[in-house]
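Just so you know, the sequences run in chain order Z, E, F and C. Using my numbering, the letters of the first sequence map in sequence onto residues 1 to 153. Using my numbering, the letters of the second sequence map in sequence onto residues 154 to 306. Using my numbering, the letters of the third sequence map in sequence onto residues 307 to 730. Using my numbering, the letters of the fourth sequence map in sequence onto residues 731 to 1154. For every residue, glycine included, the Cβ atom is placed at its ideal position computed from N, Cα and C. If you're wondering where the values come from, they're calculated on a predicted model, not measured in any experiment. First comes the structure, then the notes that go with it.
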Amino acid sequence: MNGLESLYQELMLDHSKNPVGFGLPEGDPAAGEGQSHQLNPVCGDEITLRLGVTDGKIDGLHWEGHGCVVSQASASMLADLVEEDAPSPDELAELIAKFREALRSRGAIPLDAEVFGDAAALSGVSKFSARVKCAMLGWVAAEDALRQATQAE
Amino acid sequence: MNGLESLYQELMLDHSKNPVGFGLPEGDPAAGEGQSHQLNPVCGDEITLRLGVTDGKIDGLHWEGHGCVVSQASASMLADLVEEDAPSPDELAELIAKFREALRSRGAIPLDAEVFGDAAALSGVSKFSARVKCAMLGWVAAEDALRQATQAE
Amino acid sequence: MHAAPLDVDRIRADFPILGESVDGRPLAYLDSAATSQRPRQVIDAELEFVTRRNAAVHRGAHTLAALATDAFEDARAIVARFVGADEEQLVWTHGATEGLNLIAHSIEDASAQGVERFRLGPGDEIVTTEAEHHANLLPWQWLARRTGATLRHLPVLDDGRLDLDAAAAIIGPRTRLLTFAHVGNVLGIVNPVAELVALAHRHDALVVLDACQSVPHLPVDFPALDVDFAVFSGHKLLGPNAVGGLYGKAELLDALPPFLLGGSMITTVTLETAEFLPAPQRFEAGTQPVSQAVGLAAAAQYLDALDMDAVFAHEAHLGARLLDGLRGLPGIRLLGDADAPRVGLAAFDVEGVHAHDVGQFLDSRGIAVRVGHHCAQPLHRRFGITSTTRASSYVYTTDAEVDRFLEAVAEVRGFFGLGGGAAA
Amino acid sequence: MHAAPLDVDRIRADFPILGESVDGRPLAYLDSAATSQRPRQVIDAELEFVTRRNAAVHRGAHTLAALATDAFEDARAIVARFVGADEEQLVWTHGATEGLNLIAHSIEDASAQGVERFRLGPGDEIVTTEAEHHANLLPWQWLARRTGATLRHLPVLDDGRLDLDAAAAIIGPRTRLLTFAHVGNVLGIVNPVAELVALAHRHDALVVLDACQSVPHLPVDFPALDVDFAVFSGHKLLGPNAVGGLYGKAELLDALPPFLLGGSMITTVTLETAEFLPAPQRFEAGTQPVSQAVGLAAAAQYLDALDMDAVFAHEAHLGARLLDGLRGLPGIRLLGDADAPRVGLAAFDVEGVHAHDVGQFLDSRGIAVRVGHHCAQPLHRRFGITSTTRASSYVYTTDAEVDRFLEAVAEVRGFFGLGGGAAA
Ligand SMILES: Cc1ncc(COP(=O)(O)O)c(C=O)c1O
Ligand SMILES: Cc1ncc(COP(=O)(O)O)c(C=O)c1O
């Protein structure tokens, strides 16, 4: 697998073409929900992400945005992970922290597929330091939205 | 003659100890006179020089100031030269221009003793580019004073 | 004028970094508009200075300080001559960004002090263009905010040229200052300086030229162009980072108050006030980029030896090759498609593929290009997109590299599962 | 703490320029307070960057750009750690002068925009000292002029120490900002930061530390000193010219508006307005001194390996040797004669001989010192003189060089025909 293919794995191209959780609900976020808009100033990529917390579980993660394959696939994989595992707020916060650590490790820390699901395919990004921000965009939005949702609780 | 002695020739030390033309007359410059104050910002050396033009000859060049051996000796040598040769304004302007050219030549153009008198001992300065400004100080003041004196004429 | 064409193979041998490879493929560096690479001659000039003559300049009487000062001032003379200027008209800066901020800040301070020549206030207009680099936009937004003047923008035509009809309408008696790029860093087109200068000077407006992308690529003579101020950066010109030049007409530089304040630009300082040296020293506060200036002078000499007419011919040739090649590819939209004089630079959108992904794909082929908004968000917005891919050449760029680039661009859409190119 | 003493002979072997000679005599470089020399390790780090990793940072997706960005940000982390700071607290500048101007200008702009934390106006006071380098005086004169605030000055005692009694009287409820040099560039004394910070913070005044002459010579930890802002220059620190650091407390950097405006410091730009990135990027407009930052990081690592405690011990030792030696010579007047903690620096007047001539004489012996007002005219005026001769040491300075210097100084008056020394 050469550098390019380790970055753009099939799974990633699929997610970018058929993104999970794409499309924000109408109207403003309700109480107990958080919404965050993140922008990568280098390329203009944007993601707006909303989530809520119901019965101690993350609920209804939706997002919209435009940008490169990495940023769009990564947000989609996050939405997929949340949909599958329905983590608690603390679990999600921990997932995001671990994801950041792995991505910033310059290839030293791989993402475990058991834990990260499809998002484990993003391991390859960590060797491309210029792309780490792309992969983080949706996750930073989720972190910020989560903070709002749980503060509001 | 090593570098230091080619710079600080006996004649120069003499001029700096017993400067020619030192001491400004009382009162403001009269009509037909010019006076200029020059400062070397690097070291704070200062020279104030006054001269007049009478019957088409430079007359009464006086100066005051403080500074290094080079700046003080050079002003004294200029005063000496003017006293001896009583040049016309044009001749003085030309002397100053030639002096500047020689000093900026980085050692390439020597000063002719026939023309510059004692000031020819300043030839050595041109190899010390940091000191060229010192040697020029009095001559720049004379140039400026001359311009005033001849404008006023 | 017919200069001998560049001997690119011989030139390439002077640039150590061009021998690098990426993922096992030889590097094709097509990002020179962002920063150029440096030849041995520049590297060695700086090295020789640092290992044999390094000292504080204009400050010491010792031999090393004198050698350093001579090297620094000789460098000023060489670089000034390279842009047609006298030594006293060349102020060292750390780059074009600092130069443009210097002009804006010094004008603001002059205006605040009531210096008539530079007075700006409500009703006065500062004119820039839609195509500027942020470095030639934000300082003027700031100046407008601080003085109450209005900022206006010359529009860009669909083909990338400045709209001169609109310019004639916008530039008028209220215009106090006009600023624009000689060559745009996204469009690559050489703008018509003479026409714009004539429009501005008819109304006594000052003209500032952002010559960042022109000085490296074409013969430039600021006095002949009759601009009032101009800026450029060393690192785009085969020179070191952190050094650049600000050109100004002598009487304007003398009338402007200083910007950065500190050592080596004063005559007399008391606890309460300070008096300043004449230009250029007045604008050179603190320890200067000395070894970098020496390196930049070596770069100017290197380009002089190549002959700037030959450099421009080479750039124009590569620019045409880039344009022709990209025009022939499906799903490619060029920014600045005009048949106008241009350097070797093309920015474009690949339909359906984000610029980041285009750049990544090219990188895997060893081809270094820049992706993003290239510090020109308003221009991208003008064309309805947020980012583009940009290829840019310089004296060491070969036809073969341009062709490698074009072949790879042809494959991009296929790789990302869209039509119009062979799969990888 | 007892660090191993410096092995000066081994250190000297790292500095190519120290092998130079002047007029046939080995160079004794005693002008490090003006600018230091660079070891091979620093030169090589910059060279390796330029020949293998040079590219625009934070701007490209290609491999070279990523390598360059990593090198640049790694350098930030290393230099930040060297002064006890976090990466986000270290802004790259082109030197201390730019850093101090940045603080003054950003505060002025904040004040003009009505940002309460930085508001300055008539009745408010900015406090500096009589001993400052012009770089830490002129920006505050400017700020006072632009805001209507009053500039006040802490006096210096006859022995060179700051007058702390006067400081306690001057620093009060009107004080909004206090700024002073950690180590003075003429007096060489380490000023009592803790006392001054306590005085200022008692009144909620901001503290700016000019650490230009301290960071090179002693262990410095800005957060531990509790200063609000601090600046230093790379070229005094074994590093390249044209790079320096600005430290700021995170919440203050975040509250300050940017200074220089341009590329790479924005999020969104329209033709009319711009939004800015958080610190440190907000303050880093345009192409940064990238290779120079990499060089400065190598310098910090070099000094770390020597151990800054050992460096300070070496400096204190040389400082005492200089002082003792000069005190024993007739016709010498020392500036800053206090028995206070100090670095290896002494400025002095030779009775009857102008500093220029002293410097020239020493140069003929191969000894490089600085002469003049050292960008501190008010301090010289305070002592009733216009210029002095200054000798300053660094890690590569030997006892033998100091002794050669002292012997030569003893001969100066004789050479110029005055008593009190052997004739040349
Ligand atoms: C047209 C133009 N203007 C200004 C700049 C800013 O130059 P620098 O980053 O060297 O200050 C650039 C470079 O990015 C440019 O291309
Ligand atoms: C105490 C002090 N502050 C500020 C400066 C200015 O530093 P730079 O010239 O590197 O900007 C210097 C150096 O001359 C200095 O010694």
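{"Query": "Nearest-angstrom Cα separation, counted from Leu1136(C) out to Gly1162(C)", "Result": "A query on residue 1162(C) cannot be resolved here, the shown segment of chain C reaching from 731 to 1154 and no further."}
{"Query": "Any non-hydrogen atom of ligand 1 within 7 Å of Asn866(C) CB", "Result": "no"}
{"Query": "Coarse secondary structure for Asp85(Z), derived from DSSP in three states", "Result": "helix"}
{"Query": "Residues of the stretch 1056-1075 of chain C whose Cβ lies closer than 9 Å to any Cβ of chain Z, in chain order", "Result": "none"}
{"Query": "Helix, strand or coil at Leu396(F) [DSSP, three-state]", "Result": "strand"}
{"Query": "Which of helix, strand or coil DSSP assigns to Tyr702(F)", "Result": "coil"}
{"Query": "Arg50(Z) - containing beta strand (DSSP E), residue span", "Result": "Asp45 to Thr54"}
{"Query": "Chain E contact for Ile384(F) (CB, 8 Å cutoff)", "Result": "no"}
{"Query": "Among Arg253(E), Leu256(E), Ile211(E) and His219(E), the one whose alpha carbon lies nearest that of Leu234(E)", "Result": "Ile211(E)"}
{"Query": "Within chain C, the residues that Leu166(E) reaches when beta carbons sit closer than 8 Å", "Result": "Phe1146 and Gly1147"}
{"Query": "Proximity test, Ser169(E) beta-carbon vs ligand 1 heavy atom, cut-off 7 Å", "Result": "no"}
{"Query": "Contact set for Ile249(E): own chain, Cβ-Cβ below 7 Å, skip 5 residues either direction", "Result": "Trp292, Ala295 and Glu296"}
{"Query": "Cβ-Cβ distance between Leu968(C) and Ala1029(C) below 8 Å", "Result": "yes"}
{"Query": "For Arg300(E), three-class secondary structure by DSSP", "Result": "helix"}
{"Query": "Amino acids of chain Z, ordered along the chain, whose beta-carbon sits closer than 7 Å to that of Ala801(C)", "Result": "Chain Z residues near Ala801(C): none, gap ~11 Å exceeds 7 Å."}
{"Query": "Reduced DSSP secondary structure (H/G/I, E/B, other) of Thr573(F)", "Result": "strand"}
{"Query": "Arg742(C) at chain Z interface by Cβ criterion, 8 Å", "Result": "no"}
{"Query": "C-alpha distance - Ala1040(C) paired with Leu192(E), whole-angstrom precision", "Result": "43 Å"}
{"Query": "For Asn18(Z), three-class secondary structure by DSSP", "Result": "coil"}
{"Query": "Buried or exposed (CB count within 10 angstroms, at least 16 for buried), Arg382(F)", "Result": "buried"}
{"Query": "Chain Z contacts made by the stretch 653-669 of chain F, where a contact means CB separation under 7 Å", "Result": "His660, Ala661, His662, Asp663, Gln666 and Phe667"}
{"Query": "DSSP beta-bridge partners of Ala652(F)", "Result": "Ala697(F)"}
{"Query": "Secondary structure, alpha helix (DSSP H): runs of 4+ residues fully inside the stretch 1032-1111 of chain C", "Result": "1038-1057 and 1085-1094"}
{"Query": "Cβ of His364(F) within 8 Å of any chain E Cβ", "Result": "yes"}
{"Query": "Inter-residue Cα distance where the pair is Pro988(C) and Asp55(Z)", "Result": "44 Å"}
{"Query": "Neighbour-count burial assignment, Gln843(C), 16 or more Cβ in a 10 Å radius", "Result": "exposed"}
{"Query": "Helix, strand or coil at Asn497(F) [DSSP, three-state]", "Result": "coil"}
{"Query": "Interface flag, Arg131(Z) vs chain C, CB-CB below 8 Å", "Result": "yes"}
{"Query": "Chain Z contact for Leu907(C) (CB, 8 Å cutoff)", "Result": "no"}
{"Query": "Endpoints, the alpha helix (DSSP H) within which Thr403(F) is located", "Result": "Ala402 to Ala418"}
{"Query": "Burial state of Pro743(F) (16 or more Cβ within 10 Å)", "Result": "With chain F running from 307 to 730 in the structure shown, residue 743(F) is simply not present."}
{"Query": "Separation of Glu354(F) from Gly678(F), as counted between CA atoms", "Result": "38 Å"}
{"Query": "CB contact check: Gly678(F) to chain Z, cutoff 8 Å", "Result": "yes"}
{"Query": "C-alpha gap between Gly205(E) and Gly218(E), whole angstroms", "Result": "19 Å"}
{"Query": "Thr909(C) Cβ short of 7 Å to ligand 2 heavy atom set", "Result": "no"}
{"Query": "Span separating the alpha-carbon of Leu559(F) from that of Pro586(F)", "Result": "8 Å"}
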